[in-house]
Amino acid sequence: MGLQQLFSKRFKEARKAKQLTQEKLGILIGLDEFVASTRINRYEKGVHLPDLLTLERIAQVLQVSPAYFFADDDLVKLMNSQTSINSNQ
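Just so we're aligned, residue 34 is where the sequence shown starts under the numbering used here, counting upward by one.
Dropping the structure here:
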């Protein structure tokens, strides 16, 4: 799986896990409400990758590390288990 495909997959999973619409997420990361849904859709479809600043905003809103979007499955499992341990403390 290529980097862009991996990002798209993880991005969509993280957005859905937070129960955010594409439009709502776009607005929360500072996009204009008229382009928010379209831009997020393009990230999820793998048409575009966000720039670094946008990636950081996305990660912050979705409460994941920017590395989460590009990590292999084993590392993601480890990251998720660490997050759940920290939230239980």
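Glycine residues also receive a C-beta, built at the ideal position from the N, C-alpha and C atoms.
Quick check on DSSP: helix, strand or coil for residue i?
i, result
"S98", "coil"
"G79", "coil"
"A104", "coil"
"G63", "coil"
"L58", "helix"
"L53", "coil"
Within this structure, are the beta carbons of residue i and residue j separated by less than 8 Å?
i, j, result
"I60", "T87", "no"
"R48", "L58", "yes"
"S41", "E77", "yes"
"R75", "L64", "no"
"G79", "Q52", "no"
So the alpha helix (DSSP H) residue i belongs to, where does it begin and stop?
i, result
"F40", "36–50"
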